[in-house]
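Report on the structure given below.
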Amino acid sequence: MKVIVCGSGQVGFNIARYLASENADVTVIDQAPELIQKITDSLDVSGIVGFASHPDVLERAGAADADMVIAVTYADEVNMVACQVCHSLFEVPTKIARVRHQSYLDPLWLNLFSSQNMPIDVIISPEIEVARAIARRLQIPGAFDVINLAEGKVSLIGVHVRDDTPIIDTPLRQLTDLFPDLHIVVVAINRRGRGIVAHGDDELRPGDDVYFVCETAHLSRAMMTFGHEEKEARRLLIIGGGNIGLNLAKTVEHAYPQVQLKVIEIDKARAEMVAQTLNRTVVLHGDALDVEILDEANIEATETVIAVSNDDEVNILSSLLAKRHGARRAITLVNSTSYSQLVGSLGIDTVVSPRAITVSTILQHVRRGRIRAVHSLSDGIGEIIEAEALETSSLVGRPLRDAQLPRGMAVGALIRDEEVIIPRGDTIIRAGDLVVLFAAAEAVKKVEKLFSVKLEFF
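Residue numbers for the sequence shown follow the numbering used here, so the first one is 1 and each next one is one higher.
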């Protein structure tokens, strides 16, 4: 598979790294020679210095025989024109573009990206995707990560293990005995930044981040098992009225009419625009690092504060300040990878990474065929994969305990004829089952070998 990645920032770098690990033929285009030097030194990819939308640059990158172009430069217009050029001049089959400016995404101009006008197959808006990801976390208080799987029948949940978590120091295999009717499988543990594929003998420790797969209907009980009985927040405060904050506020107004919502925005003109756009949200103009503004927002009664300004330091400090003055929970947007490892220990409950969410969203559209979806987990510890079991797969027709699963893989759930099956040792996978599995980063290729027909991108 030949892929052209336009842009070698954090998103472009991580997409190129993933594709290179899958032995794809990857060429990266960027205007900055130092970024191209860095990516070619670090990854098994080719690099070209140039303007990503110029036809001669795309031709040198091999657009004439490329299978896909993924345009994630910082300029929306460059991304869109690169896709248009790849379509019109080189007939590239699949075109994915990151588009940030909300004007392009207004439903009023929906026809812009039609096949007759600007034929882009997939439009990714980081601001909208991040707002959706935060909204999912609001539905499951206590979870730092929430991914819907198998059309919503199954969920992947990430939770922090605390000193008061009821099931610490308990071998995971005993969970079935303790909670026989609980449809849950712990698939991965992030312990001090190191990913561990969960096995029956593993025990949870305070400080661990745990990922488990659960039938969505059992989510409330599953969260209780981990000591999380928080109710959905009724009083929210959003810090930052930018595109992410505005999209999130719109989502909350539409989906949660019972929620009392306030927004703090430091720019007066932007605050006025947000106030005019929203229907029942109170918008305050001021600095979220000012205690008087937090008091005006009634921070003592606020259950969840969501800091999504365009400044990492403001998000981190305002979240800590809000919790110090009474907020129960903090969800904090952090762009810098340097900060993401630190903020958890400071008392912030959930860290949201736009880069990780954007990369994961794009990767969902990269794989085709027998793999339905790929979801990257935080810190790159692994991936949740939804794949169809084939008749000739070595997984089919034998109990899982005898399937000799490779190191680095765990099966989280099966979906068979609309029924969710939480796997146990005697569970037998049948041809046609949708298999939800976790694969550590180094085990993705091993997972492919479990299927007799190689799981290709197309």
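Every residue, glycine too, gets a C-beta built ideally from N, C-alpha and C.
Treat the numbers as computed from the prediction; the structure is a model and nothing was measured.
Taking the alpha-carbon of residue i as reference, which of the options has the nearest alpha-carbon?
i	options	result
N23	K231, V11 and L43	L43
M273	G242, D65 and M80	G242
A64	V85, L19 and S46	V85
I429	G397, L437, A410 and E419	G397
V57	G9, V5, G12 and I39	V5
R137	G158, E151 and L175	G158
N148	E229, H375, A441 and I48	H375
G227	H285, T165 and P107	T165
P399	I385, M409, R424 and E418	R424
V436	L219, L289, E215 and V352	E215
D169	D177, V197 and R205	R205
M409	R191, A217, A198 and S360	A198
D135	T304, V366 and Q404	The sequence shown places Ala at residue 135, not Asp. Taking only the C-alpha atoms, the option nearest A135 is T304.
D311	N335, H87 and L294	N335
R100	N315, Y74 and I29	Y74
T176	G142, T225 and V161	T225
N247	L346, A143 and L278	L278
I140	N117, K231, V154 and N79	K231
H54	I362, A16, N79 and K262	N79
L35	D25, V49 and V26	V49
What span of residues does the alpha helix (DSSP H) with residue i cover, start to end?
i	result
K153	First-last for K153: undefined, no H or E at that position.
L464	The structure shown has nothing for residue 464, since the chain only spans 1 to 458.
L175	L175 to L178
L317	D312 to R324
If you reduce the DSSP assignment to three classes, tell me which class residue i lands in.
i	result
N23	coil
A330	strand
S46	strand
E203	strand
M273	helix
F51	coil
G412	strand
E418	coil
L172	helix
R407	coil
L149	strand
A335	Reading off the sequence shown, one finds Asn at residue 335, where the question assumed Ala. Three-state result, N335: coil.
I15	helix
D402	helix
V161	coil
A64	helix
K446	helix
D41	helix
V28	strand
What separation, rounded to the nearest whole angstrom, lies between the Cα atoms of residue i and residue j?
i	j	result
W109	G207	47 Å
T427	G412	12 Å
I381	Q276	42 Å
I238	I306	5 Å
G369	L317	Any answer about G369 is weak, because its pLDDT of 48 lies below 50 and its placement is not dependable; what the coordinates show is given next. Going by the C-alpha atoms only, they are around 45 Å apart.
D402	I184	21 Å
P33	A61	15 Å
T392	V447	15 Å
L284	D349	24 Å
S8	R221	43 Å
V466	E300	One cannot answer for residue 466 here, as it falls past the ends of the chain, which runs 1 to 458.
D290	K268	15 Å
F51	P93	21 Å
D433	E386	10 Å
Q10	D145	21 Å
P257	L219	22 Å
V259	R234	4 Å
R280	K250	10 Å
A443	A20	14 Å
N365	D106	Looking at the sequence itself, residue 365 is His, so the reference to Asn does not match. Near 22 Å, if we compare the C-alpha coordinates of D106 and H365.
S155	V213	6 Å
A71	E127	16 Å
V263	G245	8 Å
G464	A389	Past the boundaries of the shown model lies residue 464; the chain is included only from 1 to 458, so the question cannot be answered.
V453	P354	At V453, the pLDDT of 48 sits below 50, so the modelled position is not reliable; the number obtained from the coordinates is stated separately. Approximately 34 Å, taken between the alpha carbons.
Could you give the first and the last residue of the continuous beta strand (DSSP E) run that contains residue i?
i	result
R194	R194 to V197
M68	M68 to A71
L434	L434 to A440
R191	I184 to R191
D426	Premise fails: D426 is in no beta strand (DSSP E) and is neither H nor E.
Y74	No beta strand (DSSP E) holds Y74; DSSP gives it neither H nor E.
V5	K2 to C6
V210	D209 to E215
I'd like the ranges of any beta strand (DSSP E) spanning at least 3 consecutive residues and lying wholly in the region 81–141.
94–98 and 122–124
- prompt: Can you list the alpha helix (DSSP H) stretches of 4 or more residues lying completely in the region 346–385, in chain order?
  reply: 354–364
Enumerate, from N- to C-terminal direction, the unbroken beta strand (DSSP E) stretches of 3 or more residues contained entirely within the region 218–264. 235–239
Counting only runs of 3+ residues fully inside the region 276–306, write out the beta strand (DSSP E) ranges in chain order. 282–285
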